[in-house]
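Student: I'd like to ask you about the structure that follows.
Number of protein chains: 2
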Amino acid sequence: MAVTLKDVAARAGVSRSAVSRTFTEGASVSSKTRAKVQRAADELGYHPNALASSLTTGRTKLIGLVSNNFHNPVFLEVFDLFTRGLQDRGLRPLLVNLSDETDPAASVRMLRQYSVDGVIVASSTLPPSFAEAFKQAGMPVVHSFGRHSRAPHVHVVGIDNAACGRMAAEELIRRDYRRVAFLGGPESATSTQDRARGFLTALQTQPQIQVGFSYASAYSFEAGRAEMQNLLRAGPAEAYFCGDDVLSVGALSAVQEAGLSVPGDIGLIGLNDMEMAGWQNIDLTTIRQPLAAIIGASIDLVVDTVDHGARAPEARLFPCEVVERGTLRPPA
Amino acid sequence: MAVTLKDVAARAGVSRSAVSRTFTEGASVSSKTRAKVQRAADELGYHPNALASSLTTGRTKLIGLVSNNFHNPVFLEVFDLFTRGLQDRGLRPLLVNLSDETDPAASVRMLRQYSVDGVIVASSTLPPSFAEAFKQAGMPVVHSFGRHSRAPHVHVVGIDNAACGRMAAEELIRRDYRRVAFLGGPESATSTQDRARGFLTALQTQPQIQVGFSYASAYSFEAGRAEMQNLLRAGPAEAYFCGDDVLSVGALSAVQEAGLSVPGDIGLIGLNDMEMAGWQNIDLTTIRQPLAAIIGASIDLVVDTVDHGARAPEARLFPCEVVERGTLRPPA
DNA sequence: GATATTCTTGCAACCGGTTGCAAAAAGCCT
DNA sequence: AGGCTTTTTGCAACCGGTTGCAAGAATATC
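Those protein sequence lines, which keep their order, are chains A and B. Number 272 in our numbering belongs to position 272 of the first sequence; there are no gaps in the numbering. Number 126 in our numbering belongs to position 126 of the second sequence; there are no gaps in the numbering.
Written out as structure tokens, the structure reads:
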């Protein structure tokens with residue numbers, strides 16, 4: 001069926017090693033035999049079998065890309081950037097959807113069976129134990145969008161969620177809001193916890209501002225909308241820092257539906273800057289995560305770990321910036 | 001490093017074949033040795049290497065998932081469904097991002113190197129030549145969301161785009177719109193061509209209705225918005241069938257920004273029913289593609305082709321349905 | 001209990017490559 | 001031309017499994 005090394009060797013009249021060597025970077029072959037082999041290979045349409053060579057080289061160039069965020073639009077951009085970034089380095093993403101998985105064991109087993117060179121866990125909601133499970137199994141691993149901690153157990157790349165919370169708080173302070181609140185994602189998500197913490201502590205220094213917080217049941221439009229409806233019933237704050245852009249849009253929808261205006265009656269600031277936050281009929285003021293930088297660094301880190309072995313786990317955090325659009329009133 | 005067959009064999013005191021057989025469905029092993037092997041394997045934490053076995057079995061259980069639609073939110077749902085569907089059958093998606101690729105050769109080569117068992121091309125905008133290139137290279141292939149034709153060269157699963165165009169036309173006729181138009185995606189996309197054709201021919205029977213059409217430069221928010229802005233300047237129709245939901249939302253945004261109301265001044269009907277079409281602040285009337293069915297059938301078809309060899313290319317089309325929301329006026 | 005039949009098992013070859021090693025070839029120098 | 005060094009080459013073993021085959025063990029049959 002497929003044409004193999006042996007076929008090419010026979011046709012070129014050389015040994016199998018010679019063929020192997022012409023397709024191996026930096027191997028010792030004379031230009032004469034290389035040419036002979038090339039010709040034979042071209043005539044037969046030969047391409048080396050990456051999986052077979054992985055057996056002896058120990059490298060598959062396969063990277064497990066693990067996520068459970070298949071409903072947050074920002075993750076489409078994330079997958080786009082990851083796949084391109086990996087492809088650009090000659091690596092292949094093996095996609096693993098962990099949406100309804102609570103136990104990492106199955107995916108660890110699966111990625112081991114396929115001897116991936118490394119694993120990237122791309123999720124802000126998976127607990128750290130998932131990434132750690134891969135590391136435990138001896139695979140180079142990076143947790144992208146994961147929780148930053150002083151002594152991480154695995155490489156983490158992402159943003160400083162607490163700093164983002166502070167940033168949001170400052171933005172609201174600057175605009176002289178007097179009653180503000182945090183509308184978070186699920187309370188169990190570490191990203192939500194950190195954002196809340198940053199937000200609340202930054203506001204502790206402002207006794208004139210009244211601060212509240214509550215949590216939506218998920219990082220989703222529906223959850224944001226439902227939570228905002230509750231808040232509207234109970235008497236809302238003047239401005240909200242929403243834990244995420246989709247959540248913000250849900251909240252926005254609830255506010256508008258209640259006949260209130262944004263930012264006239266209620267201000268909103270989100271986090272992520274997903275593509276549609278910039279759509280003019282959404283026009284969400286938000287905090288931008290530098291996706292490309294995060295993803296680039298994640299790939300760098302996993303590649304480096306693959307090439308040079310494990311080293312002390314490292315947290316690489318990237319600064320965020322406020323993208324001012326139309327859901328917060330201007331500073332006085 | 002990793003524990004291999006040999007290690008387990010040694011520990012269990014049996015031959016390598018015995019170990020291999022205990023992990024092969026339907027192989028001949030006595031329950032006694034199976035138990036011995038299981039124990040040894042558990043103690044050592046052994047799991048068979050899928051890639052090594054693929055060498056002799058000729059099956060990698062890897063499926064190439066090829067797409068270039070990384071900016072259309074509906075594709076996040078598509079990837080979710082594909083990855084889960086494949087995982088449920090013990091298959092692994094190897095994701096290939098063809099966003100800036102114009103030549104299939106590179107991806108063909110790459111997927112051959114990884115000896116994928118089959119390929120799913122998931123795209124409404126890639127030309128048929130891509131899917132055909134994979135077939136040419138001898139791989140089982142299915143083009144999902146591809147163009148339906150009477151004599152397809154590869155398996156195609158999707159919707160009948162012309163029928164959708166007719167469906168949209170009927171919906172507008174039923175609501176007694178007198179000046180309607182098609183606002184398509186890029187004219188080169190076959191899906192757009194077919195939708196336009198169905199729409200226009202269905203309206204040919206209605207001489208009292210004035211029909212127009214135009215094309216946005218891409219299936220994107222910005223393109224839809226820009227095109228609608230042009231149309232508004234030139235004097236818009238009463239209702240538009242937009243070639244796609246993102247396009248619709250772009251158009252919606254332009255209409256609202258011009259101070260006009262939807263559906264009061266201008267009606268819109270989209271196609272796809274992406275998740276956010278249902279968001280209350282978008283509330284788009286649209287035609288739903290049965291994603292889960294399409295994706296399920298695509299996987300079935302590629303698996304069947306892998307298992308039973310190629311057969312005559314087949315087109316499987318699924319019926320769409322109108323999802324009535326708030327961007328078309330009610331029938332009289 | 002002897003023979004025929006079916007199950008298990010290990011051997012050895014193979015899947016498609018890579019690589020250490022030693023022999024052969026080529027290149028360099030005097 | 002001869003001797004020495006450097007390159008190039010093929011052999012053979014190996015990566016981690018699978019599988020056809022024949023021998024051995026277990027079970028069935030009479």
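We treat Cβ as the ideally placed atom computed from N, Cα and C, and that holds for glycine.
So, are the CB atoms of Ser107(B) and Arg84(A) less than 8 Å apart?
Tutor: Numbered from 1 along the second sequence, position 107 holds the residue referred to as residue 107(B). Numbered from 1 along the first sequence, position 84 holds the residue referred to as residue 84(A). No. Outside cutoff.
Student: Indicate the three-state DSSP secondary structure (helix, strand or coil) for Leu268(B) in the structure shown.
Tutor: To locate residue 268(B), count along the second sequence from 1; it is residue 268. DSSP places Leu268(B) in strand when its eight states are reduced to three.
Student: Rank Cys320(B), Glu321(B), Ala315(B) by C-alpha distance to the C-alpha of Arg150(B) and give the top, closest one.
Tutor: The residue labelled residue 150(B) in the question sits at position 150 within the second sequence. Measuring from the Cα of Arg150(B), the nearest candidate turns out to be Ala315(B).
Student: For Gln208(B), count neighbouring C-beta atoms within 10 Å of its own C-beta (all shown protein chains included) and say buried if the count is 16 or more, exposed if not.
Tutor: Here residue 208(B) refers to the residue found at position 208 when the second sequence is read from its first residue. Exposed, because fewer than 16 other Cβ atoms sit within 10 Å of the Cβ of Gln208(B).
Student: Going by C-alpha to C-alpha distance, which of Arg34(B), Thr24(B), Ala163(B), His155(B) sits closest to Ala196(B)?
Tutor: Walking along the second sequence from the start, residue 196(B) turns up at place 196. Of Arg34(B), Thr24(B), Ala163(B), His155(B), the residue nearest in Cα terms is Ala163(B).
Student: Verify the contact flag: Arg195(A), CB atom, against every heavy atom of the ligand COA, threshold strictly below 7 Å.
Tutor: The ligand COA is not among the ligands present in this structure, which contains no ligands whatsoever.
Student: Would you give the residue range spanned by the beta strand (DSSP E) that Ile159(B) belongs to?
Tutor: Reading the second sequence from its first residue, position 159 is the one you call residue 159(B). Looking at the DSSP string, the run of the beta strand (DSSP E) that includes Ile159(B) is 155-159.
Student: Residue range of the beta strand (DSSP E) that Leu291(A) falls in?
Tutor: Along the first sequence, read from residue 1 onward, the residue named residue 291(A) stands at position 291. It is not in any beta strand (DSSP E) - Leu291(A) instead sits in the alpha helix (DSSP H) that spans 291-308.
Student: Could you tell me the distance, in whole angstroms, from the CA atom of Gly250(B) to the CA atom of Val249(A)?
Tutor: Position 250 of the second sequence holds residue 250(B). Position 249 of the first sequence holds residue 249(A). In a straight line, the C-alpha of Gly250(B) is about 16 Å away from that of Val249(A).
Student: According to DSSP, which residues form a beta bridge with Tyr215(A)?
Tutor: As a position in the first sequence, residue 215(A) is number 215, starting the count at 1. In the DSSP output, where bridge partners are listed per residue, Tyr215(A) has Gly184(A).
Student: Report the residues of the segment 51-62 of chain A with a CB closer than 7 Å to any CB of chain B, ordered along the chain.
Tutor: Answer in chain order: Leu51, Ala52, Ser54, Leu55, Thr60.
Student: How do the segment 281-291 of chain B and the segment 229-237 of chain B stand: do at least 3 beta-carbon pairs fall below 8 Å, yes or no?
Tutor: The segment 281-291 of chain B, when compared against the segment 229-237 of chain B, does not touch it at the 8 Å Cβ threshold.
Student: How many Å lie between Val116(B) and Leu95(B) at the Cα?
Tutor: Locating residue 116(B) in the second sequence gives position 116, where the first residue counts as 1. Locating residue 95(B) in the second sequence gives position 95, where the first residue counts as 1. Approximately 11 Å, taken between the alpha carbons.
Student: Please classify Phe318(B): does DSSP put it in a helix, a strand, or coil?
Tutor: On the second sequence, position 318 is the one that residue 318(B) refers to. Residue state, collapsed to three classes: strand.
Student: Looking at the secondary structure, which residues open and close the alpha helix (DSSP H) in which Pro128(B) lies?
Tutor: By 1-based counting over the second sequence, the position of residue 128(B) is 128. It spans 128-136 - the alpha helix (DSSP H) in which Pro128(B) sits, taken as one unbroken run.
Student: Do Ile120(A) and Leu65(A) come within 8 Å of each other at the CB atom, strictly closer than that value?
Tutor: In the first sequence, the residue the question calls residue 65(A) occupies position 65. In the first sequence, the residue the question calls residue 120(A) occupies position 120. Yes, Cβ-Cβ distance for Leu65(A) and Ile120(A) is below 8 Å.
Student: Buried or exposed: where does Asp88(A) fall if 16 or more other Cβ atoms within 10 Å of its Cβ makes it buried?
Tutor: Translated into the one-based positions of the first sequence, residue 88(A) becomes position 88. Exposed, by the Cβ-count rule.
Student: Using C-beta distances below 6 Å, list every residue in its chain close to Lys135(A), excluding the 5 sequence neighbours before and after it, in chain order.
Tutor: What you label residue 135(A) is simply residue 135 of the first sequence in a count that begins at 1. Around Lys135(A): Val141, Val154.
Student: By DSSP's criteria, Thr286(B) is part of a beta bridge. Which residues make up the other side?
Tutor: Here residue 286(B) refers to the residue found at position 286 when the second sequence is read from its first residue. Gly270(B), Val323(B), per the DSSP bridge assignment.
Student: Run through chain B and tell me which residues come within less than 9 Å of Pro48(A), C-beta to C-beta.
Tutor: Here residue 48(A) is taken as the residue at index 48 of the first sequence, counted from 1. The answer, in chain order, is Gln113.
Student: Of all the beta strand (DSSP E) runs that stay within the bounds of the segment 217-266 of chain B, which reach a length of 3 or more residues?
Tutor: As far as the segment 217-266 of chain B is concerned, its whole beta strand (DSSP E) runs of at least 3 residues are 239-242.
Student: Please classify Ala163(B): does DSSP put it in a helix, a strand, or coil?
Tutor: Within the second sequence, residue 163(B) is the residue found at index 163, counting from 1. Residue state, collapsed to three classes: helix.
Student: So, does the CB of Asp117(B) fall closer than 8 Å to a CB anywhere in chain A?
Tutor: Numbered from its first residue, the second sequence carries residue 117(B) at position 117. Asp117(B) does not count as touching chain A.
Student: So what's Ala12(B) in DSSP terms, helix, strand or just coil?
Tutor: Stepping through the second sequence from its first residue, residue 12(B) is reached at position 12. Helix, per DSSP.
Student: Against chain B, does Leu252(A) count as a neighbour if the rule is that its beta carbon must be under 8 Å from one of theirs?
Tutor: Here residue 252(A) is taken as the residue at index 252 of the first sequence, counted from 1. Yes, its Cβ sits closer than 8 Å to a Cβ of chain B.
Student: Mind pulling the chain A residues with CB within less than 7 Å of Arg233(B)?
Tutor: Sequence index remark: in the second sequence, residue 233(B) carries index 233 (1-based). Ordered by position in chain A, no residue passes the 7 Å Cβ test against Arg233(B), which lies about 17 Å from the chain.
Student: State yes or no: is the beta carbon of Arg16(B) nearer than 8 Å to at least one beta carbon in chain A?
Tutor: Locating residue 16(B) in the second sequence gives position 16, counting from the first residue. It does not: the Cβ of Arg16(B) has no partner Cβ on chain A nearer than 8 Å.
Student: Anything in chain B within Cβ reach of Arg92(A), meaning under 7 Å, just list it in chain order.
Tutor: Locating residue 92(A) in the first sequence gives position 92, where the first residue counts as 1. Those are Leu94, Tyr114, listed as they occur along chain B.
Student: When you compare each of Pro263(B), Leu291(B), Gly326(B) to Ala237(B) by their alpha carbons, which one comes out closest?
Tutor: As a first step, residue 237(B) must be located in the second sequence, where it is residue number 237. Out of Pro263(B), Leu291(B), Gly326(B), Pro263(B) has the C-alpha closest to the C-alpha of Ala237(B).
Student: Please report the residue range of the beta strand (DSSP E) in which Leu91(A) lies.
Tutor: In the first sequence, counting from the first residue as 1, residue 91(A) sits at position 91. Counting along the chain, Leu91(A) falls outside any beta strand (DSSP E), and DSSP gives it neither H nor E.
Student: Report the three-state DSSP secondary structure of Val74(A) (helix, strand or coil).
Tutor: To locate residue 74(A), count along the first sequence from 1; it is residue 74. Note: Val74(A) maps to helix in three-state DSSP.
Student: To the nearest whole angstrom, what separates the beta carbons of Val246(B) and Pro73(B), a pair I think is in contact under 8 Å?
Tutor: The residue labelled residue 246(B) in the question sits at position 246 within the second sequence. The residue labelled residue 73(B) in the question sits at position 73 within the second sequence. Their Cβ separation, rounded to whole angstroms, is 7 Å, which keeps Val246(B) and Pro73(B) in contact under 8 Å.
Student: Cβ atoms of His143(B) and Leu317(B): under 8 Å apart, would you say?
Tutor: Mapped onto the second sequence, residue 317(B) falls at position 317. Mapped onto the second sequence, residue 143(B) falls at position 143. Not a contact, by the Cβ cut-off of 8 Å.
Student: List, in chain order, every chain A residue whose beta-carbon is nearer than 8 Å to that of Ser149(B).
Tutor: For the purposes of this step, residue 149(B) is taken as the residue at position 149 of the second sequence. Correct list: empty, because the minimum Cβ distance to chain A is about 28 Å.
Student: So, is the C-beta of Phe130(B) closer than 8 Å to a C-beta in chain A?
Tutor: Taking the second sequence and counting its residues from 1, the one referred to as residue 130(B) is at position 130. No, Phe130(B) lies away from the interface with chain A (no Cβ there is under 8 Å from its Cβ).
Student: Residues of the segment 75-86 of chain A in Cβ contact with chain B at a cutoff of 7 Å, in chain order, please.
Tutor: Result list: Phe75, Leu76, Phe79, Asp80, Thr83, Arg84.
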